[in-house]
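Here is the structure we will look at.
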Amino acid sequence: MHFSEGQIPAEYSRHIRIKVAFLLSSLFLVGLVLIFSIGMGPVSISPLAALKTLAGETVSSQFDMIIWNIRLPQALTAVVAGMGLAMAGAVMQAILRNPLGSPFTLGISHAAAFGAAFSVMILDLGTMTSSNVGAVHLNSPYLTTAIAFAFSLIATCIIIAISRLRMARPETMILTGVALGSLFTAGTMFLQYFADDIQLAAMVFWTFGDVARASWAELLLITVVVIGASVWFFLNRWNFNAIEAGDETAKGLGVKVEQVRITGMLVASLVTAVIVSLLGIIGFVGLVCPHVCRRLIGDDYRFLLPGSCLVGGILLLAADTAARLMLAPNVLPVSILTAFMGAPVFIWLIVRSNR
Amino acid sequence: MININVSGISFAYNGCSVLHKISFHVNHGELLAILGPNGAGKTTLLKCMNGIHTPEDGAVLVEERNIFTMSQNEIARLFGYVPQRLETARLTVFDSILLGRKPYIKWRVREKDIRMVDATIRRLSLQHLSLRHIDRLSGGELQKVSIGRALVQEPKILLLDEPTSNLDLKNQLDIMSTIKNVVNSHQISAVMTMHDLNTAMRYADKFLFLRNGEITACGGCGSINPEVIEKVYGVKVEIEYRNGYPVIHPLDDTGD
């Protein structure tokens with residue numbers, strides 16, 4: 001038989017159409033959850049009124065103020081941060097060929113937390129003040145963020161430098177990440193032990209991941225980084241598929257495995273570092289979302305990358321909306337809810353996959 | 356007509372010499388078996404042939420061009436590589452074979468790529484498994500998928516690292532006939548490393564014996580005799596012919 005005798009099998013076309021339909025449905029769901037999320041809160045706004053306000057029509061000046069200044073930036077931050085974290089997780093799982101690959105596993109989040117604690121304690125940037133409603137504020141949030149970001153990048157650079165010495169082997173990356181995670185956790189605990197009450201409160205406050213911290217400026221920065229990284233990730237979708245088939249197969253297919261692994265690690269870490277340093281630690285999104293997608297549409301990175309991205313956006317936005325409403329008028333940081341939701345979902349996935 | 360000239364390849368791992376000035380020639384349409392004991396350098400030689408390893412010295416010439424001056428994508432269009440260790444994932448058989456078109460895919464998958472994969476799946480009789488995830492396949496089926504992936508690379512040379520290891524007898528024969536058939540029908544050359552001498556004798560056209568990173572013997576069926584086998588493996592053997600194929604019998608258990 002010659003190659004030209006091949007056909008386009010109907011069942012394969014159907015198999016692809018199902019995956020595309022999943023992506024389109026997820027995209028629709030992002031929009032739907034976004035509209036409902038914007039409408040929900042102490043002041044209830046109907047989906048129609050929310051849509052009209054978003055379209056530029058003034059339903060009421062109060063709605064305008066609430067949507068444009070408070071709820072929309074928070075909801076969009078949740079979507080974009082969820083997308084970025086989920087995609088970074090999917091890529092880390094690909095390049096490390098390990099299902100536990102995530103910003104958490106590799107110690108990048110721990111490094112950011114240490115950076116924030118370091119800025120509060122050693123550089124004395126984060127003295128706390130209590131506002132009249134009892135909320136806490138960091139006095140120099142941008143510097144704390146910058147230092148958290150710097151430490152995330154330091155962790156990434158150490159992982160990459162050590163793995164380069166060992167031919168960029170995935171196990172070297174993971175083990176170095178785990179070791180760094182322990183090191184930075186120990187460092188944070190050391191600082192917390194010697195901190196006074198106010199400094200300790202500031203450190204703990206920073207680690208609670210919360211999308212409400214972001215204004216339009218932070219949202220813009222996160223969006224630019226997530227879009228840039230997404231483009232790079234998507235251009236490398238075939239490389240990730242090849243690496244998933246094994247390093248030797250990938251090399252035989254012309255993939256520069258070490259280069260893709262190191263650059264992928266750097267880009268995924270950069271996305272994580274930007275999000276974590278601006279919003280605090282939001283766990284489990286990067287780990288759970290790619291696995292949910294793998295169960296639904298398989299390991300093909302042509303679909304897994306956009307799929308994880310959309311599921312990450314939906315999950316973080318839904319979690320943030322629930323966190324705002326659950327204990328209203330008090331607002332729960334979204335990271336607490338993602339961990340509560342993520343752990344059982346992850347265990348359920350493990351149990352299902354073993355059947 | 357594409358011939359391969361391997362010329363003076365030397366390779367070392369961390370300063371420890373693995374291959375020493377290996378030179379041989381593979382003619383168009385020929386199936387060459389690289390044989391030798393564990394640690395002889397068979398897999399390393401195969402990996403040097405498609406640039407996965409860069410040798411310290413020597414060249415691999417395909418149509419007079421040294422592959423070490425080519426880009427990795429160019430090499431991937433010349434050599435289809437089937438590694439010894441096959442990894443599984445939640446990819447369908449169709450998508451796994453489609454991955455072999457990677458050196459040709461620019462932005463999106465073309466109709467031609469899909470047709471090629473379909474033809475290959477039929478060629479390997481894998482139609483009934485087309486949409487099954489490869490983590491649900493048997494060893495023999497997975498090996499066929501890996502061969503299919505290498506075939507859609509439209510290679511001029513197929514490199515196979517112990518293609519029958521970990522397979523039962525029926526699957527060994529099935530995979531070896533598949534390899535022999537694709538070499539004949541696609542008019543390509545193939546180089547494979549093997550441990551099973553009798554399987555190699557049955558299917559290969561030419562044999563290269565390696566010991567301690569050096570060639571002990573190279574040639575057709577006629578070049579194989581008990582002395583060569585003893586020199587390479589340290590085992591006394593006798594060779595008899597059955598149905599026109601040479602069959603090797605060890606004369607004692609220990610090789611002493």
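If you read the sequences in order, they're chains A and B.
FYI, my numbering numbers position 66 of the first sequence as 66, with every residue one higher than the one before it.
Whatever position you read off the second sequence (first residue = 1), add 355 for my numbering.
Idealized CB from N, CA, C, for every residue including glycine.
Just so we're clear, the structure is a prediction, and the values are computed from it rather than from any experiment.
Burial state of residue i (16 or more Cβ within 10 Å)
i	result
B:ILE570	buried
B:HIS604	exposed
B:GLY574	exposed
A:VAL231	exposed
A:VAL351	exposed
A:TRP238	buried
B:ASP607	exposed
A:SER130	With a pLDDT of only 45 at A:SER130, under 50, the local geometry of the prediction cannot be trusted, and the value read off the model is given with reservation. A:SER130 comes out exposed.
A:TRP348	exposed
A:ARG355	In this prediction, A:ARG355 has a pLDDT of 48, which is less than 50 and means its spatial position is unreliable; what the coordinates show is noted afterwards. Exposed is the call here.
A:LEU235	exposed
B:ILE584	buried
A:THR58	exposed
B:CYS371	exposed
B:LYS586	exposed
Under 8 Å between C-beta atoms of residue i and residue j
i	j	result
B:VAL448	B:LEU481	yes
B:PHE379	B:LEU515	no
B:VAL538	B:LEU513	yes
A:CYS309	A:MET92	no
A:ALA155	A:LEU191	no
A:LEU51	A:ILE35	yes
A:ASP247	A:GLN74	no
B:ILE489	B:THR519	no
B:ILE530	B:ALA545	no
B:GLY394	B:GLN427	no
B:ASN536	B:GLY494	no
B:PRO410	B:SER365	yes
B:LYS397	B:THR548	yes
A:GLY107	A:GLY177	yes
B:GLU385	B:LYS511	no
A:ILE243	A:VAL257	yes
B:ALA431	A:GLY252	yes
A:GLY31	A:LEU287	no
B:GLU595	B:HIS550	no
A:ARG164	A:ILE95	no
A:LYS19	A:ILE297	yes
A:ALA245	B:LEU454	yes
A:THR105	A:ILE174	yes
B:SER485	A:TYR12	yes
A:ARG97	A:PRO47	no
Length of the line joining the Cα atoms of residue i and residue j
i	j	result
B:ILE543	A:THR249	20 Å
B:SER501	A:ASP300	17 Å
A:GLN62	A:ASN330	21 Å
B:TYR459	B:GLU466	13 Å
B:ILE359	B:VAL417	5 Å
B:GLN468	B:ASP450	Per the sequence shown, the amino acid found at residue 468 of chain B is Asp instead of Gln. Spanning the two alpha carbons is a distance of roughly 11 Å.
A:ILE198	A:ILE158	32 Å
A:ALA148	A:VAL33	31 Å
A:ASN132	B:TRP462	Unreliable placement is indicated for A:ASN132, whose pLDDT of 42 sits below 50; the coordinate value is still reported in the next sentence. So the two alpha carbons sit approximately 56 Å from each other.
A:PHE28	A:GLY313	12 Å
A:ILE122	A:TYR142	16 Å
A:ALA135	A:VAL292	Residue placement at A:ALA135 is poorly supported in this model, since its pLDDT is 47, which falls under 50; the coordinates still yield a value, given next. The straight-line gap from Cα to Cα measures roughly 35 Å.
A:PHE208	A:SER25	31 Å
A:VAL267	B:ILE377	41 Å
A:LEU325	A:TYR193	34 Å
B:ARG477	A:PRO9	11 Å
A:SER335	A:PHE22	27 Å
B:HIS541	B:ARG566	32 Å
B:LEU497	B:ALA388	21 Å
Candidates the options, of which the one nearest residue i by Cα
i	options	result
A:LEU279	A:SER61, A:GLU258, A:ASN98, A:GLY82	A:GLY82
B:ARG557	B:PRO410, B:ASN382, B:GLY599, B:VAL590	B:GLY599
A:LEU315	A:LEU332, A:VAL345, A:ARG295, A:MET326	A:VAL345
A:ALA195	A:SER119, A:SER26, A:GLU57, A:ALA328	A:SER119
B:ASN421	B:VAL361, B:ARG504, B:MET549, B:ALA505	B:VAL361
B:ARG456	B:THR399, B:GLY503, B:GLU595	B:GLY503
A:SER215	A:ILE8, A:ALA21, A:ILE160, A:ALA78	A:ALA78
B:HIS383	B:LEU374, B:ASN580, B:LEU433, B:ILE579	B:LEU433
B:THR554	B:VAL381, B:LEU390, B:HIS375	B:LEU390
A:THR223	A:MET65, A:VAL211, A:SER277, A:VAL80	A:VAL80
A:VAL211	A:LEU337, A:PRO47, A:ILE45, A:SER60	A:LEU337
Practice task
Run through the segment 416 to 465 of chain B for me and flag every whole alpha helix (DSSP H) of 4 or more residues, listed as ranges in chain order.
Solution key: Segments of the alpha helix (DSSP H) lying fully in the segment 416 to 465 of chain B: 427 to 433, 448 to 453.
Problem - 4-residue-minimum alpha helix (DSSP H) runs that sit fully inside the segment 181 to 246 of chain A, ordered along the chain - result: Fully enclosed alpha helix (DSSP H) runs of 4 or longer: 197 to 207, 216 to 235, 237 to 244.
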